[in-house]
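There are 4 protein chains.
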Amino acid sequence: MKKKSRFLQTPIEPFAVEAGLTADQVLARMERISFQGRNLATAHRIWQKMLQDDVTIFLGMAGALSAGGLRLVVAHLIFNRYVDCLVSTGANLYHDLHETRGQRHYLGSPHADDAALAADRIDRVYDTYASEEEFISNDNWIAEFATTLELRPYTTREFLHLLGGHLWTTTGRDGILTAAYRANVPIFCPAIADSSIGMGLSQARQIKAGAGYIDIIGDIVESANLVIRRPRTASVVLGGGTPKNFINQASVQAEFYSDEVGGHRYALQIVTDVPHFGGASGSSLEEAQSWGKLAADSAKVSVQADATIALPLLASALATTAPPLLATRKIPVFTLAGRVMTVDGQTVPNARFEEMHEPAV
Amino acid sequence: MKKKSRFLQTPIEPFAVEAGLTADQVLARMERISFQGRNLATAHRIWQKMLQDDVTIFLGMAGALSAGGLRLVVAHLIFNRYVDCLVSTGANLYHDLHETRGQRHYLGSPHADDAALAADRIDRVYDTYASEEEFISNDNWIAEFATTLELRPYTTREFLHLLGGHLWTTTGRDGILTAAYRANVPIFCPAIADSSIGMGLSQARQIKAGAGYIDIIGDIVESANLVIRRPRTASVVLGGGTPKNFINQASVQAEFYSDEVGGHRYALQIVTDVPHFGGASGSSLEEAQSWGKLAADSAKVSVQADATIALPLLASALATTAPPLLATRKIPVFTLAGRVMTVDGQTVPNARFEEMHEPAV
Amino acid sequence: MKKKSRFLQTPIEPFAVEAGLTADQVLARMERISFQGRNLATAHRIWQKMLQDDVTIFLGMAGALSAGGLRLVVAHLIFNRYVDCLVSTGANLYHDLHETRGQRHYLGSPHADDAALAADRIDRVYDTYASEEEFISNDNWIAEFATTLELRPYTTREFLHLLGGHLWTTTGRDGILTAAYRANVPIFCPAIADSSIGMGLSQARQIKAGAGYIDIIGDIVESANLVIRRPRTASVVLGGGTPKNFINQASVQAEFYSDEVGGHRYALQIVTDVPHFGGASGSSLEEAQSWGKLAADSAKVSVQADATIALPLLASALATTAPPLLATRKIPVFTLAGRVMTVDGQTVPNARFEEMHEPAV
Amino acid sequence: MKKKSRFLQTPIEPFAVEAGLTADQVLARMERISFQGRNLATAHRIWQKMLQDDVTIFLGMAGALSAGGLRLVVAHLIFNRYVDCLVSTGANLYHDLHETRGQRHYLGSPHADDAALAADRIDRVYDTYASEEEFISNDNWIAEFATTLELRPYTTREFLHLLGGHLWTTTGRDGILTAAYRANVPIFCPAIADSSIGMGLSQARQIKAGAGYIDIIGDIVESANLVIRRPRTASVVLGGGTPKNFINQASVQAEFYSDEVGGHRYALQIVTDVPHFGGASGSSLEEAQSWGKLAADSAKVSVQADATIALPLLASALATTAPPLLATRKIPVFTLAGRVMTVDGQTVPNARFEEMHEPAV
């Protein structure tokens with residue numbers, strides 16, 4: 021009998037339908053199917069591996085996920101320390117704050133009459149609505165808060181920790197900002213100027229001259245120093261955008277100053293963009309290896325899917341499979357309230373890079 | 021206090037993560053989030069509604085779903101009469117036959133060396149491999165079977181029922197063709213000439229002159245007559261392609277000959293193509309209304325997702341929620357073994373359209 | 021000085037804007053940019069190479085290109101023998117016939133009120149409208165024509181040639197079907213049952229029993245025999261779908277019966293689908309190599325773009341650059357009016373494959 | 021005779037192929053075809069209209085367009101004042117600087133061996149390569165320049181104008197930064213922290229304590245004040261991302277402080293993202309109306325295409341059609357060298373918003 025080709029090793033195992041399957045069982049049965057279903061099952065497995073390794077896990081978040089109903093999923097991942105550091109667009113933090121302040125987004129239609137919406141001052145995000153008036157109230161709330169700060173530049177990490185604290189004190193409600201505050205998880209927002217949080221900050225200047233200064237370059241230094249302090253990292257990206265790039269940049273920048281840094285050990289991304297137009301959001305994890313953003317032997321997977329489908333399934337599965345791993349996980353311990361953050365008792369400066377041309381911690 | 025806008029009715033309810041959620045519970049929590057997650061949850065609800073109504077449910081299937089590990093999901097939907105009639109590409113039926121005959125597809129990589137695969141005679145479908153030799157054995161098997169038939173044209177519906185029967189007799193294994201055979205569910209394959217099943221049929225002519233004739237135009241007549249006999253219909257489409265259009269065409273064609281026909285009452289599609297390039301696969305269900313393919317008041321939803329993610333979740337949820345509905349469902353009863361099929365005891369001819377300008381059944 | 025990496029050979033040459041550039045000059049300046057722009061420029065070059073080689077050039081056409089205003093581009097490519105054989109969806113041929121018969125498609129809006137359109141019996145294809153009544157008149161015209169044929173199965177190739185002839189005689193107008201008729205270029209339509217041409221054929225049975233029989237399996241044999249007769253082939257694909265696969269299938273099927281066949285020597289595709297969902301429309305040309313659909317050393321390029329942007333630019337460029345190549349091109353000469361077509365004086369049977377295990381023509 | 025439906029007004033005019041057509045002639049013939057081809061032709065017409073109106077034209081630029089060979093197209097649009105203000109990602113400005121400094125990007129392959137590239141320290145952007153060493157040299161160059169500035173926060177607008185000036189003085193070469201410098205066109209870069217320009221700035225702190233401070237919130241104030249000063253605006257967006265949102269945000273923010281502002285009067289975007297996943301990059305221009313980002317009666321078009329195909333064709337056409345319009349165009353006149361910019365002789369502060377609840381200029 022003819023020998024089988026070396027390429028034919030593991031057969032596809034058709035998905036078997038059964039009543040009562042839990043999310044993790046569904047994903048387990050998707051491991052040996054094909055295409056993006058397989059990739060999503062692989063993402064589940066890779067995330068479990070991350071949790072068993074001693075790595076700092078970055079979570080990147082772009083797209084209208086907070087408005088779209090995933091903010092408590094992200095809050096859950098943060099609070100239970102599936103992740104150690106969030107990098108987000110401003111909009112996601114803003115829409116989170118909107119709901120944590122007790123306001124809502126609403127079910128809408130993508131076929132709405134936008135002129136009628138505009139007349140009613142309703143803002144549409146595809147099939148989701150929000151009230152412009154409530155948004156203005158948020159802007160004012162942020163502006164007011166910003167005027168209570170010192171008249172000096174704040175990194176987004178420091179500012180967002182304080183904002184989360186103020187939000188927690190004021191509302192006592194669960195959300196991304198409040199979960200990160202309570203769990204001492206740092207948040208970076210590299211494109212804060214391109215969001216309503218930035219708009220709120222800009223309006224602070226109207227109230228108090230010299231208010232609303234953000235040291236965005238300090239965020240670069242700080243995020244790279246975090247990688248220098250803890251050179252083993254992992255990256256989970258939802259939707260590309262500036263968070264995806266900023267997480268990779270932290271690693272690349274850290275590598276300039278420390279021989280210990282060698283790219284993310286694990287990488288998973290859930291994206292809808294594609295590689296062939298050359299944009300960073302859709303860029304492949306293979307391409308990331310050429311840049312040294314990923315270790316050559318990293319475990320990695322791209323899932324081409326809308327996060328509003330993939331994340332509820334993935335997070336529900338992890339809620340079942342991850343708790344034992346979370347219980348024994350070695351997590352980095354942060355202090356975030358000050359101008360200079362610390363990790364595991366060591367400072368993470370934002371004024372200059374730590375140069376580490378000897379073994380790191 | 022100011023009155024709330026009429027547009028702000030139902031708040032988004034953020035997805036709440038919890039351990040042990042079953043597939044249907046996950047989907048239930050996705051009903052009030054946004055974007056494609058909400059659409060998938062809506063698809064679950066619409067399918068349940070279809071099962072409670074007295075409609076003939078068509079299932080269209082394009083894309084490499086059989087090779088990709090979803091053939092037993094489709095077999096399950098057919099065997100348990102979630103659907104009443106399958107319209108498929110030839111490839112999906114062929115890859116189903118391949119596995120039902122005891123052969124496998126294999127896990128592969130999208131980054132494979134295709135020249136090396138070609139040298140080993142391995143055919144690649146994105147991240148999935150199959151043996152060309154085994155494919156040739158299928159072609160021969162189909163060709164041999166075709167030579168046992170009468171020397172006359174067969175509709176794909178008749179041919180595929182007989183093929184399913186032969187496959188069931190030979191293998192006793194579960195699959196799409198065998199499930200459809202056993203459950204007396206008709207299968208149409210309008211583009212059979214564009215598939216390896218067609219190739220097998222063409223090779224029958226090499227063995228026996230005059231073998232391998234398919235009456236593809238008869239399929240049009242038959243599918244339209246089926247709608248004329250049972251004018252209330254529903255459409256479930258996975259992946260677009262010729263099946264999507266053929267299901268709509270059956271309705272449009274039937275409308276020429278019967279006043280009772282008024283477009284599908286329910287429509288759900290899981291597609292990755294988009295509307296804005298004008299192709300039929302990605303065309304919107306709104307557009308379908310202009311053609312009369314859909315009733316004006318139909319319940320409908322498009323889910324923009326890879327079926328390998330959406331279908332395992334959706335079918336797992338239905339396996340829990342649908343059984344009571346299936347138990348009381350009024351299903352059309354077919355006889356399929358003959359040249360002329362019947363539904364509910366009435367003939368469904370393929371030689372001419374039934375003209376029904378009075379109330380239908 | 022350090023040696024430059026072997027990977028850094030040819031610099032990107034930024035596109036230089038200039039007034040009065042012709043289409044071919046625009047494409048020439050796109051050859052050394054990146055992403056899909058470079059790919060489109062490469063497509064221009066590869067098509068020129070095809071024209072200089074002794075290959076049979078297949079053109080595949082899917083998506084609503086005829087309704088969308090590209091039918092005279094395709095007619096031009098056929099009539100001037102940029103291509104030798106067309107494989108099309110039925111819809112493209114039908115919409116071509118619609119306009120050749122003197123009717124029109126109309127500018128519309130993707131945001132139309134589809135209920136209002138339905139009330140006016142206007143069918144919408146994204147941003148394009150057509151009159152349902154005129155469509156019904158086409159169906160009747162096709163049905164009438166079909167009743168004039170012999171009561172025997174016709175391959176789509178034979179039927180479409182006769183249809184084109186009838187259309188030319190009746191209208192004297194330019195279009196795809198009439199250009200193919202006049203230039204003796206064969207047309208295959210593997211999914212004819214999934215189109216209004218098929219619907220017209222099915223309605224012929226209402227007028228005359230036994231009319232409207234299509235031998236779709238004969239098309240498989242015939243197209244493969246064409247490749248067996250002329251084993252050097254090239255493939256140009258617009259939009260994927262059944263035409264893309266049928267062209268590849270002809271090559272794969274031919275290879276079973278002739279040692280001379282080794283996959284297309286040139287392949288270019290303009291598609292909007294992507295590879296990562298596993299569907300055939302978006303499948304990569306690399307993947308096609310694993311199947312032997314493409315020669316290992318083939319010149320190939322995929323352009324990810326809407327054909328309504330890419331084709332006008334590409335065809336306009338070729339209209340300037342190709343004429344000298346067309347003038348000296350060796351074209352296959354067909355006779356198409358009979359039940360058995362010929363190429364270069366040799367028969368191309370549809371009743372059985374030509375087995376050629378010695379050198380072909 | 022029956023009256024024609026009101027929906028059937030303007031027939032599709034099939035594209036007629038002809039040798040020697042110039043880019044603008046190609047686009048003119050695409051005006052009455054369908055799908056994205058029609059949209060690109062409409063974009064050409066809308067841009068011409070913008071040039072004839074008294075509006076401030078914003079250009080947004082995301083995606084790897086500079087590396088991908090379009091930087092001189094953008095430089096051309098800036099220098100000839102097709103646009104008045106650029107909003108860009110940092111990467112595009114960085115890759116522009118890279119080439120203006122005499123270095124190159126290189127033709128590469130999307131199927132490259134990324135481990136081999138990493139070993140050679142070559143960074144890949146899909147099908148384009150660059151040398152990491154040269155990138156490090158840029159970072160140092162930027163860092164050195166940043167240390168020559170005052171120890172105070174700079175808006176990106178001020179910083180990038182000075183950087184462009186330094187680049188022009190040093191190299192005398194054409195590019196985006198140098199063209200903007202020479203033409204006195206402001207550049208905003210809201211996500212500068214997420215780019216190698218940000219990395220260069222961060223490294224300045226290693227050389228000189230207190231260097232590299234950017235006042236990103238000042239950019240918000242300044243861009244909104246620009247709209248307050250000149251409330252009639254237009255938006256041209258290439259590829260979405262932060263630039264798209266920042267341009268819209270400037271308008272929304274300005275509206276808080278001035279009754280004269282009413283959304284962009286013209287909007288065209290060339291994007292590859294889609295609306296149905298809810299992300300801002302792919303969001304529709306209809307949706308933008310609900311937010312007041314666009315005037316209700318604005319002229320607008322979205323082109324779903326890769327900019328590397330669409331922009332060379334569009335810019336080549338404009339190079340022929342626009343010069344007479346440019347000659348008579350009323351352009352805003354900026355001074356950009358100082359901490360506070362001016363437009364048409366009026367200051368555009370970044371420390372507080374101009375409140376204008378009476379008619380603006």
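Chains as they are written, first to last, in the numbering used here: chain Y, 21 to 381; chain C, 21 to 381; chain U, 21 to 381; chain R, 21 to 381. For glycine and all other residues, C-beta sits at the position ideal for the given N, C-alpha and C.
Using a Cβ-Cβ cut-off of 8 Å, Phe-55 (chain Y) counts as an interface residue toward chain U, since at least one Cβ of chain U sits closer than that to its own. The beta carbon of Gly-299 (chain C) sits closer than 7 Å to those of Asp-293, all from its chain and outside the five residues before and after it, given in chain order. Straight across, the Cα-Cα distance linking Ala-39 (chain U) with Arg-101 (chain R) is about 16 Å.
About 19 Å separates the beta carbons of Met-219 (chain R) and Gln-309 (chain Y), which is beyond the 8 Å limit, so they are not a contact pair. Check the Cα spacing between Gly-282 (chain Y) and each of Y:Leu-288, Y:Thr-109 and Y:Ser-271: the tightest is with Y:Ser-271.
With its beta carbon less than 8 Å from one in chain Y, His-296 (chain U) belongs to the interface. Note that the C-beta distance between Ile-66 (chain Y) and Val-103 (chain Y) is not below 8 Å. By a beta-carbon distance limit of 8 Å, Ser-243 (chain C) does not contact His-284 (chain C). Their separation comes to about 13 Å.
Across the region 98-122 of chain R, CB contacts with chain U closer than 8 Å involve Glu-119, in sequence order along the chain. Taking the Cα positions, Thr-168 (chain R) is about 30 Å away from Ile-142 (chain R).
Think of a sphere of 9 Å around the beta carbon of Gly-312 (chain C): the chain U residues whose beta carbon falls inside it are Ala-138, Arg-141, Asp-143 and Glu-152, in chain order.
Its chain contains His-115, His-125, Val-145 and Thr-148 as the residues whose beta carbon lies nearer than 6 Å to that of Ala-87 (chain R), once the 5 sequence neighbours on both sides are disregarded; these appear in chain order. For the options R:Ala-325, R:Glu-375 and R:Val-256, the alpha carbon positioned closest to that of Leu-97 (chain R) is the one of R:Val-256.
At least one beta carbon of chain Y lies nearer than 8 Å to the beta carbon of Gly-83 (chain R).
Of the residues R:Leu-221, R:Phe-155, R:Glu-154 and R:Ala-213, the one whose Cα lies closest to the Cα of Leu-183 (chain R) is R:Leu-221. For the region 352-374 of chain U, the beta-carbon criterion of a distance under 7 Å to any beta-carbon of chain C is satisfied by Ala-371, Arg-372 and Phe-373.
Inter-segment contact for the region 47-66 of chain U and the region 318-335 of chain R is present: three or more beta-carbon pairs are separated by less than 8 Å.
By the Cβ criterion, the region 367-375 of chain Y is not in contact with the region 30-38 of chain C, since fewer than three pairs of Cβ atoms, one from each stretch, lie closer than 8 Å. Of R:Ile-156, R:Glu-375, R:Pro-352 and R:Thr-367, the smallest CA-CA separation from Glu-275 (chain Y) is found for R:Ile-156. For Asp-143 (chain U), the pairing in a beta bridge is given by DSSP as U:Ala-150.
Chain R has a Cβ within less than 8 Å of the Cβ of Thr-292 (chain Y).
Around the beta carbon of Lys-24 (chain C), fewer than 16 other beta carbons sit within 10 angstroms, so the residue counts as exposed. For Val-241 (chain C), at least one C-beta of chain U is nearer than 8 Å to its own C-beta. Residue-level contact by beta carbon fails for Pro-251 (chain C) and chain U, as no gap is shorter than 8 Å. Residue-level contact by beta carbon fails for Gln-289 (chain Y) and chain U, as no gap is shorter than 8 Å.
Rounded to the nearest angstrom, the gap between the Cα atoms of Phe-354 (chain Y) and Ile-236 (chain Y) is 20 Å.
Looking at the DSSP output, Ala-254 (chain C) sits in a beta bridge with C:Ile-77 and C:Tyr-286. Runs of alpha helix (DSSP H) with 4 or more residues, each lying fully within the region 91-146 of chain R, are found at 91-99, 110-120 and 134-139, listed in chain order. Here DSSP, grouped into helix, strand and coil, assigns Asp-317 (chain Y) to strand. Here the region 129-138 of chain U does not lie against the region 222-236 of chain U, with fewer than 3 beta-carbon pairs under 8 Å apart.
Collapsing the DSSP output to three states places Met-361 (chain R) in a strand.
Residue range 236-249 is occupied by the alpha helix (DSSP H) that includes Val-241 (chain U). Around the Cβ of Arg-177 (chain R), a 10 Å sphere holds 16 or more other Cβ atoms; the residue is buried.
Looking only at Y:Ala-325, Y:Asn-158 and Y:Thr-340, the smallest Cα-Cα distance to Gly-83 (chain Y) is reached by Y:Ala-325. Only residues of its own chain outside the window of five on either side were considered, and among them Val-107, Val-257, Pro-263, Lys-264 and Ile-267 have a CB closer than 6 Å to the CB of Gly-80 (chain R), listed in chain order. Contacts with chain Y at 8 Å (Cβ-Cβ) include Gln-324 (chain U).
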